[in-house]
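Just so you know, the sequences run in chain order A and B.
Residues in the first sequence are numbered from 0 upward in steps of one, following numbering that gives the first Met the number 0.
Residues in the second sequence are numbered from 0 upward in steps of one, following numbering that gives the first Met the number 0.
Yeah, the Cβ is synthetic: ideal placement off N, Cα and C, and Gly gets one too.
Number of protein chains: 2
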Amino acid sequence: MVTMKDVADHAGVSIATVSFVVNGTKPVTPATRERIESSMAELGYRRNAVARALASRRTRILALAYPVLERPLSTASVEFFTSAAAAASVRGYHLVIWPVSNDGRELAELVGQRLVDGVLLMEVQLDDPRVAVLESSGTPFALIGRTRDITGICHVDIDFEATLHQAIDHLTGLGHRRLALVLGGKGERGYRTYGPFVRTAAAFEQARIERDIDGRTVEVTWSDDPESLARQVFGEEDAGGPTAALVLNDHTALRLVTGARRTGRRVPGDVSILGLSAAPETGTLSDPPLTLMRTPGPELGHLGAEALIRMLEAEDPLPPRLVPCTFEPGQSTGPRP
Amino acid sequence: MVTMKDVADHAGVSIATVSFVVNGTKPVTPATRERIESSMAELGYRRNAVARALASRRTRILALAYPVLERPLSTASVEFFTSAAAAASVRGYHLVIWPVSNDGRELAELVGQRLVDGVLLMEVQLDDPRVAVLESSGTPFALIGRTRDITGICHVDIDFEATLHQAIDHLTGLGHRRLALVLGGKGERGYRTYGPFVRTAAAFEQARIERDIDGRTVEVTWSDDPESLARQVFGEEDAGGPTAALVLNDHTALRLVTGARRTGRRVPGDVSILGLSAAPETGTLSDPPLTLMRTPGPELGHLGAEALIRMLEAEDPLPPRLVPCTFEPGQSTGPRP
DNA sequence: CTGAAAGCGCTTACAG
DNA sequence: CTGAAAGCGCTTACAG
């Protein structure tokens, strides 16, 4: 392995000077800089990341901590992983992925190793023990999501309120007044304290009051079959039930489209179905293609990594950001029958 | 930060002795071991991963390198990421994810930093420049996939031949003789040299000859709509076309089910559709639920990480493994009409 | 069984 | 602008 010492010897300078040109930390005369640079090129020198980390007390490694869940991570999560990694990479950072338990024990163990400069926390619960672990360990961190009290904590999240309102606007614009909010994932651990569910449900309650909407909230499980989903959402009755459903969770939305059709409801002739927070490629999977609000997975991954890096680099902080999902037209919503 | 020196002072021993008990590398008398252990507990000592890495010349970090693609990574890829990370974690390793270009330049840059002990390479092409980079850099690596000449290279992959044969067995058992192999992803960069496509297509050719099957191969793109897919696969004709389709790529399989129905074909009354290599949860998304071969994403992630770690730990090597997809019954396949 | 010491490959005050 | 040297927190021969 070619070390800084080899380069220094080859160029006839001290290793300090080599370090200065590698890092650009101190002025060096053009002549010696050139000598060093050509030595580096000739010898094929590459700075050792580990030695640099130890000496500078900064590893330039970020951790993406995600809880081990019963349900598989969504497509949005992959986008999230890869976009966070890409954003980190642009800044010269690495991203390690840490599967950790919800209680924070493993996380405490891992941050204690001092391998990472900061942590990005995914799938945040309203009262998340892992946040306390990070705070008490003094590790810089950013949340993807929000705890109940988010004051002073660096975070990015989906703007569930804005997303829901935009979705409702779309449906009321089509004449719908009786809406169902469908929450997938009932019975799962942490379901009742999972931010996206709680915040969307709260916003729906609010909208119901403020916007003169007849709304009901339906909680369903992962294992409900399509027909059962459709019956739970639209009811057995022929009339008086919801004419449109807003579905949090793309998998559930797709199955609901199937279920509606199988139970004799035309989509969107009889009922409209709209996916709240889904990956865009999901839309084409249903028949008719699902109208949906696209989850800003890549944006959140990028923003989260960037916010954390700014803290670490002591740059201007990125203010907390709430990013709404964006409307993606499909054919599963239409005028009220 | 509590260092080994702090522990040594507190316990009244040398740091070498502390290191011996932390690592279990040398025998230490029970008495002093206990003293050291209680000192560690009292002070809350945790070994610094970076210092250990530098001194031991092993970082215990693995990289998962994946190419930046046009298409989003599949659900199987997430399973892959997380299971590789979990397997690494069990062995005391960390996993960093590296988005790298296909040409191998970025990869060369990254391995040069010596941050990782080994690399796991995903989405391997038949002639992959990144493999040459890894070989010439002397970095231990394992492939998820196979290059054209795989001799002596540590790898794990899907057993496409076995998977295809099992799928064909299922369909011929139902009486089908006219089969279509559908390959999604036409026109994508690297499509023609992407292992899964090439190997499945070759195995299909082979099967066609050996098993007295009337087969056709249909290549389709990501953007083909469902109806177009169905027409390309099953033809315009009323009779004489394929009665069953094997579809490589779950997204395409789901759209084909929709397309078949929309073009007036009953599934599985008129045509059978089987997904080759798909995530199990995908099955329930179509109507009827897709019969599919489940991609062994978690198994491959686990095996890949384990194989690499065994190389690094100089343990008994894990032999190359080809893992077939497993049959998941659905309702999209049935007897030949 | 235990310790003193060299060394991993860098960064960074401190001098000059 | 450049260098000598301490130091980051460990591991690991080498002695004893």
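For A:A244, write down the residues that DSSP places opposite it in a beta bridge.
DSSP, once it has assigned bridges, lists A:A179, A:I272 as partnering A:A244.
Name the chain A residues that come within less than 7 Å of B:I96, Cβ to Cβ?
Neighbours of B:I96 on chain A, chain order: F80, A84, L94, I96.
Which residue wins for smallest C-alpha separation from B:Y92, given the options B:A52, B:S76, B:G23, B:S38?
With respect to the C-alpha of B:Y92, the residue from B:A52, B:S76, B:G23, B:S38 having the closest C-alpha is B:A52.
Counting only runs of 3+ residues fully inside the region 90-130 of chain A, write out the beta strand (DSSP E) ranges in chain order.
Runs found: 93-99, 117-120.
Counting only the same chain and skipping the five closest in sequence on each side, list residues whose C-beta sits under 7 Å from that of B:D102.
For B:D102, the CB contacts under 7 Å within the same chain, skipping 5 residues up- and downstream, are P128 in chain order.
Quick check: the Cα distance between B:A86 and B:G174, rounded to an integer number of angstroms?
Going by C-alpha positions, B:A86 is about 42 Å away from B:G174.
C-alpha distance - B:D158 paired with A:A131, whole-angstrom precision
Roughly 45 Å between the two C-alpha positions.
Residues of chain A with CB under 7 Å from B:L114, in chain order?
By Cβ distance, chain A contributes A48, V49, H93.
Would A:M121 be called buried (16 or more neighbouring beta carbons within 10 Å of its own) or exposed?
With 16 or more other CB atoms across the displayed protein chains lying within 10 angstroms of its CB, A:M121 is buried.
Range covered by the alpha helix (DSSP H) that runs through B:P29:
Taken as a continuous stretch (DSSP letters only), the alpha helix (DSSP H) holding B:P29 covers 29-42.
Please confirm whether A:H250 has its beta-carbon closer than 9 Å to some beta-carbon of chain B.
Yes, its Cβ sits closer than 9 Å to a Cβ of chain B.
Contacting positions in the region 278-292 of chain A - beta carbon closer than 7 Å to chain B:
Residues of the region 278-292 of chain A with a Cβ closer than 7 Å to any Cβ of chain B, in chain order: E280, T283, L284, D286.
Indicate the three-state DSSP secondary structure (helix, strand or coil) for B:V1 in the structure shown.
Here B:V1 sits in coil by DSSP.
Taking Cβ-Cβ distances shorter than 7 Å, what residues in chain A pair up with B:G111?
Residues of chain A with a Cβ closer than 7 Å to the Cβ of B:G111 are, in chain order, R45.
Report the residues of the region 253-270 of chain A with a CB closer than 8 Å to any CB of chain B, ordered along the chain.
Those residues of the region 253-270 of chain A placed with their C-beta closer than 8 Å to a C-beta in chain B are L253, R254, T257, R260, R261, ordered along the chain.
Per-residue DSSP class, three states only, for B:A84
Secondary structure at B:A84: helix, using DSSP grouped into helix, strand and coil.
Whole-angstrom Cβ separation of A:L284 and B:L253, contact assumed at under 8 Å?
Yes, A:L284 and B:L253 are in contact; Cβ-Cβ is about 5 Å, under 8 Å.
Report yes if the C-beta distance between B:S136 and B:V110 is below 9 Å; otherwise report no.
In this structure, B:V110 lies closer than 9 Å to B:S136 by Cβ.
Give the straight-line distance between the Cα atoms of A:V21 and B:A107, rounded to the nearest whole angstrom.
The alpha-carbon atoms of A:V21 and B:A107 are separated by roughly 18 Å.
Determine the burial state of A:M292: buried for a count of at least 16 other Cβ atoms within 10 Å of its Cβ, exposed for fewer.
That one is buried.
Please report the straight-line C-alpha distance between B:G329 and B:D286, rounded to a whole angstrom.
Cα-Cα distance, rounded: 10 Å.
Looking at the C-beta of B:A141, does it have a partner C-beta in chain A at a distance below 9 Å?
Closer than 9 Å to the CB of B:A141 there is not a single CB belonging to chain A.
For A:S88, which residues in chain B fall below 8 Å Cβ to Cβ?
Going along chain B in sequence order, the residues near A:S88 (Cβ under 8 Å) are W97, P98.
CA-to-CA distance, A:A277 to A:T332, given in whole angstroms
Using only the alpha carbons, I get a separation of about 15 Å.
Contacting positions in the region 53-64 of chain A - beta carbon closer than 8 Å to chain B
Listed by position, the residues of the region 53-64 of chain A near chain B (Cβ gap below 8 Å) are L53, T58, I60.
Could you check whether the Cβ of B:R264 sits closer than 8 Å to any heavy atom belonging to the ligand PLP?
With respect to small molecules bound, the structure shown includes none, and the ligand PLP cannot be examined in it.
From the DSSP output, in three-state form, read off B:V12 for me.
B:V12 falls in the coil class under three-state DSSP.
What do you get for A:S271, buried or exposed, if any count of 16 or more other CB atoms within 10 angstroms of its CB means buried?
Buried, since its Cβ has 16 or more Cβ neighbours within 10 Å.
Does B:E235 come within less than 9 Å of chain A when only Cβ atoms are used?
Not an interface residue.
How about B:A179 and B:T216: do their beta carbons lie closer than 9 Å?
Yes, they are a contact pair.
For A:T138 and A:V123, which I take to be in contact (beta-carbon distance under 8 Å), what is that distance rounded to the nearest angstrom?
Contact flag wrong, Cβ pair sits at about 15 Å.
What is the rounded straight-line gap between the Cα of A:G234 and the Cα of B:V49?
Between the C-alpha atoms of A:G234 and B:V49 there is a straight-line separation of about 59 Å.
Close-in-space but distant-in-sequence residues of the same chain around A:R230 (CB under 7 Å, 5 per side omitted)
The residues are T262.
Selected residue, minimal CA-CA separation from A:A64, among B:R59, B:S88, B:A64
Checking every option, the nearest Cα to that of A:A64 belongs to B:S88.
Looking at chain A, is there any beta carbon in it that lies within less than 9 Å of the beta carbon of B:E218?
No, its Cβ sits nowhere closer than 9 Å to a Cβ of chain A.
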